[in-house]
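Presented below is the structure to which this report refers.
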Amino acid sequence: MSVPHKVGTVKSKQATNVKAPVAKVVKAAGKKKDEEEATDTAEGEEWMPGKTLVKPPDQLDLTEEELNEEITRVLTANNPNAPQNVVRYGFKEGCYKPIIFVDQMAIHFELEGNLVHKESDEGRRLMAKQAEREEGTGAEKLDNVAKAGEKERKLTNQFNFNERASQTLNNPPRDISCQTEPPPRANFSATANQWEIYDFYVEELKRREKSKEKQEGQVLNKEEDKSKKKIIQAETQSDDITQLAHAAKIIERMVNQNIFDEVAQDFMYFEDAADEFRGEKGTLLPLWKLQYDKAKGLSVTALCWNPKYNDLFAVGLGSYEFTQEERGMLLFYTLKNSSYPEFIFNTTSGVMCVDIHEQLSYLVAVGLHDGCVAVYNLKKKSDQPVYNSTASSGKHRGAVMQVKWQKDDLDSNHNFISVSADGRVVSWTLVKHELVFTDIIKLPATDKVPDDLKDVIATAGTSLDFHKQKDHHFLVATEAGKIHKGSKYYSSKFLETYDAHFMTVSRVRWNPFHPNVFISCGWDWMVKIWDQTIKSPIFTFELKTSVTDVAWAPYSSTIFAAITNDGKVHVFDLSINKYEALCQQKVVSKKTRLLHIEFNPVNPIIIVGDDRGHVISLKLSPNLRKKPKEKKGQELPKGPEVEIAKMEQLLSSLR
Amino acid sequence: MAETGDGKKEDADYKRLQSFPLIRHTDMAEEMRVETMELCVTACEKFASNNENAAKMIKESMDKKFGSSWHVVIGEGFGFEVTHEVKNLLYMFFGGSLAVCVWKCS
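Laid out in structure tokens, this is it:
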């Protein structure tokens, strides 16, 4: 609060001001006079030293007149720094107008005070507060709360605060109770008497004496017991692992299916739509390629599908070269797991042929390169064959080229027949733990061999097949190119001989439907189809290189597939095209020879084995699987009779 | 045998010489059996004069080790018929004259 200045002008007589300097001058001038006067006045007084006059150097020298001049000085309250000629633009007149009254106030110092007038609002408020404080210190809290409440209320009102609440749904409680089975109990009763105790001790002593005697004699027993205990322990341990094995197997299959998912989808569902536009031709779609690391260097020598499990097949691995090292394998693959075989059996010599029993699909007969035959039982988890033929039990002197299971004989023993390079067709019977052999027939020697050596030099048999209906009839093919039809009941002579090929016949097979028809293929590039009643072939096909294997399709009597040395698979359907293959497709890379082919009995796929130990599965396209067209309105009779009729039609057309 | 009195004494000495622990009947597992037998032998040797304390010791140890609740009878002449949990019974002789029966039944 500032004290307002009162503007006022102070007029002071300039004369006084003037007089001051004048006075001074006067005094100065008068000092002389004064001196004189002083001297005069002070005549009476003591003599004073004369006052000397000191003039500042820059003082104006004025005349006396000028000195006596009255100059007015005015003291005003005007701010000397305030502007005197402020001009403002007047919009009314449209020109600049000078402002006469200019604010002259210059604030030199300001200080805000804290005094409030009693009567003002704030003053009254403060007084009230003070009064309250003085009234009661004890009631302060209440006051504060009241104040706080007031404040809060004020706040809530201010911000329009709303409260809302809700309750989520609580799951209803549920009672669950369970009663475990109590541990089993048993009753036991006995009497504890002195004589009982005594008797028992005596008995025990006797027992111990006896056991001591035994101990001295048979220390081995204890060791056996120990080893048995160890085995039991190991078995209990391996129980955990075997449980894991099952789970691991499933996971392995799942992983494989995931990896080869497209292949699996193709296998199930893919039907080549382009077949409609290809006319008669068909294609083979490659599916899985199955191989096993340790089988490198071995060729696939035999393929056999398992009749019970349609995705399981056996692969025999060995070598056709005599110079190569003697080892072989029997592998079982399943299409569900294409990266690793299900069963692996190592054999001492190369496997040449494999056959799986029709009813007991765990019995596998294997013919080896060194002439042995062996029977494996897949149910048993051992690596060794259940039966094995040895030199004493009449094993072949040459490689066993084909084995085929037969129906159980009269004593319900399983038996199978084998043909080998030593020219003997032998039947083997599984009697208890042994293989008993019976010679069925000996292949007749070729004409080229001179008479005296006929007994010595054998004609090697290369393929064997039994008739589907007439079980005792069989066909055996030789290296010399001849096919002999024989019967199990005649051991001296063959029923028929066919001059089939110029070179080795690699395969002969009966037609699965027609009772008279069989097919043969040989290294002389030919595939020939025969009627057993006629000496010459009905159909002959020449494929550009030596044919290694041929197989009939299980679903049609007129479809067959052949494989050749150049890696091609030829599929024929005689009911559609009698002269040309419906499909000629190369399925392996250069230099790999295809060695064996098999049709899957149920699914439309074939497996092909090559000389690198790989097995390739291929799907037949629809054109290759054709069934005869249905005439409208006529229901097609299905079944083997149709197939036979189809074949019969073909044959009759040629005769 | 020769003189019944001496014979009996000899038999008694003979018995005591052969006072090894002898299992009369059990259906316990091997480990459990061995452990229990050793426990009984220890207890009986410790409290040779007081069967009650020996039994107490055996019972408490068995309860701790194998769960409740065990029953133990030690004596020289008694007959019994008990219901026990399967694989939890041991009936043995010890010291030539002592019979111990241990069983579990909760």
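Residue numbers (UniProt numbering), protein chains in the order written: chain X, 1 to 655; chain V, 1 to 106. Cβ atoms here follow ideal geometry from the backbone N, Cα and C, with glycine treated the same way. Fair warning: this is a prediction, and the values are worked out from it, not measured in the lab.
Grab me the residues of residue i's own chain with a C-beta within less than 6 angstroms of its C-beta, minus the 5 sequence neighbours each way, in chain order.
| i | result |
| --- | --- |
| E212 (chain X) | Here the sequence assigns Lys to residue 212 (chain X), which means Glu is not the residue at that position. Answer for K212 (chain X): no residue qualifies. |
| Y89 (chain X) | Y96 |
| E37 (chain X) | Its pLDDT being 46, under 50, E37 (chain X) is placed unreliably in this model, and the value from its coordinates should be taken loosely. Cβ neighbours of E37 (chain X) beyond the five flanking positions: none. |
| K32 (chain X) | Note that K32 (chain X) scores a pLDDT of 47, beneath 50, so its modelled location is shaky and nothing firm can be said. |
| G609 (chain X) | V300, L303, L595, H596, V615 |
| D311 (chain X) | T334, L335, K336 |
| D34 (chain X) | For D34 (chain X), the predicted model reports a pLDDT of 46, less than 50, meaning its position is unreliable and no value from the coordinates is stated. |
| W288 (chain X) | V263, S338, S617 |
| D465 (chain X) | L475, V508, R509, W510 |
| residue 670 (chain X) | Here chain X covers residues 1 to 655 and nothing more, so residue 670 (chain X) does not appear. |
Rounding to the nearest angstrom, what Cα-Cα distance links residue i and residue j in this structure?
| i | j | result |
| --- | --- | --- |
| V300 (chain X) | P183 (chain X) | 59 angstroms |
| G79 (chain V) | K214 (chain X) | 36 angstroms |
| residue 672 (chain X) | T283 (chain X) | Coverage of chain X is limited to positions 1 through 655, which leaves residue 672 (chain X) absent and any answer about it impossible. |
| N114 (chain X) | A106 (chain X) | 23 angstroms |
| A245 (chain X) | Q406 (chain X) | 35 angstroms |
| L443 (chain X) | Y498 (chain X) | 13 angstroms |
| A295 (chain X) | E30 (chain V) | 49 angstroms |
| G567 (chain X) | D611 (chain X) | 10 angstroms |
| N81 (chain X) | I100 (chain X) | 15 angstroms |
| V25 (chain X) | G94 (chain X) | Below a pLDDT of 50, predicted positions are generally treated as unreliable, and V25 (chain X), at 46, falls in that range; the measurement from the model is reported next regardless. Whole-angstrom Cα-Cα distance: 58 angstroms. |
| Y309 (chain X) | S361 (chain X) | 8 angstroms |
| K281 (chain X) | M268 (chain X) | 21 angstroms |
| C101 (chain V) | R208 (chain X) | 23 angstroms |
| A99 (chain V) | D175 (chain X) | 49 angstroms |
| E163 (chain X) | S120 (chain X) | 40 angstroms |
| T242 (chain X) | F343 (chain X) | 16 angstroms |
| F66 (chain V) | T83 (chain V) | 17 angstroms |
| M28 (chain V) | K87 (chain V) | 4 angstroms |
| W305 (chain X) | A186 (chain X) | 56 angstroms |
| Q257 (chain X) | L378 (chain X) | 24 angstroms |
| residue 659 (chain X) | R397 (chain X) | Nothing can be reported for residue 659 (chain X): it is not among the residues displayed for chain X, which extend from 1 to 655. |
| H117 (chain X) | L126 (chain X) | 11 angstroms |
| E181 (chain X) | G95 (chain V) | 39 angstroms |
| M190 (chain X) | K64 (chain V) | For the record, residue 190 (chain X) in the displayed sequence is Ala; it is not Met. If I take the Cα positions, the gap works out to 27 angstroms. |
| K591 (chain X) | N415 (chain X) | 39 angstroms |
| residue 706 (chain X) | N78 (chain X) | Coverage of chain X is limited to positions 1 through 655, which leaves residue 706 (chain X) absent and any answer about it impossible. |
With DSSP as the reference, label residue i as helix, strand or coil.
| i | result |
| --- | --- |
| S653 (chain X) | helix |
| M92 (chain V) | strand |
| R207 (chain X) | helix |
| E589 (chain X) | The sequence as given places Ser at residue 589 (chain X); Glu does not occur at that position. S589 (chain X): coil per DSSP, three-state reduction. |
| C353 (chain X) | strand |
| A43 (chain V) | helix |
| F466 (chain X) | strand |
| M647 (chain X) | helix |
| T348 (chain X) | coil |
| E119 (chain X) | coil |
| Y387 (chain X) | strand |
| M62 (chain V) | helix |
| F200 (chain X) | helix |
| M1 (chain V) | Caution is warranted here: a pLDDT of 45 is assigned to M1 (chain V), below 50, making its placement in the model unreliable, and no coordinate value can be reported. |
| residue 108 (chain V) | The requested residue 108 (chain V) is not part of the displayed model; chain V covers only 1 to 106. |
| R125 (chain X) | helix |
| F20 (chain V) | coil |
| K249 (chain X) | helix |
| K568 (chain X) | strand |
Kindly list the residues whose CB is nearer than 8 angstroms to the CB of residue i, restricted to its own chain and excluding five residues on each side of it in sequence; keep chain order.
| i | result |
| --- | --- |
| N413 (chain X) | T429, L430, V431 |
| K578 (chain X) | F539, L650 |
| L368 (chain X) | G318, G328, T347, T348, S349, G350, V351, M352, A374, A399, V400 |
Can you find the residues in the same chain that come closer than 7 angstroms, C-beta to C-beta, to residue i, ignoring five residues on each side of it along the sequence?
| i | result |
| --- | --- |
| S487 (chain X) | H472, H473, L495 |
| S106 (chain V) | S68, S69 |
**Request:** Could you please tell me which residues of the region 48-70 of chain V, in chain order, have their CB closer than 8 angstroms to any CB of chain X?
**Result:** So the list is empty, because no residue satisfies the distance condition.
**Under 9 angstroms (Cβ pairs) to chain V, residues found in the region 174-202 of chain X** = P182, P183, P184, R185, A186, N187, F188, S189, A190, T191, A192, N193, Q194, E196, I197, Y198, F200, Y201, V202
**Message:** Beta carbons nearer than 9 angstroms to chain V: which residues of the region 204-219 of chain X have them?
**Reply:** E204, L205
**Interfacial residues, the region 30-41 of chain V to chain X, with Cβ spacing under 9 angstroms** = none
**Request:** Could you name the residues of the region 71-95 of chain V whose beta carbon sits closer than 7 angstroms to any beta carbon of chain X, in the order they occur along the chain?
**Result:** G75, E76, G77, F78, G79, F80, E81, V82, T83, H84, E85, V86, L89, Y91, F93
**Item:** Contained beta strand (DSSP E) runs [length at least 3] in the region 470-534 of chain X, N- to C-terminal order
**Value:** 473-478, 482-487, 496-499, 505-510, 517-522, 526-531
**Message:** Report the start-end ranges of each beta strand (DSSP E) in the region 268-336 of chain X that is 3 residues or longer and not cut off at the edges.
**Reply:** 284-290, 299-305, 312-318, 328-334
**Asked** What are the complete beta strand (DSSP E) segments, minimum 3 residues, inside the region 593-621 of chain X?
**Response** 594-599, 605-610, 615-620
**Request:** Scan the region 411-450 of chain X and note each continuous alpha helix (DSSP H) run of 4 residues or more that stays entirely inside, going in chain order.
**Result:** none
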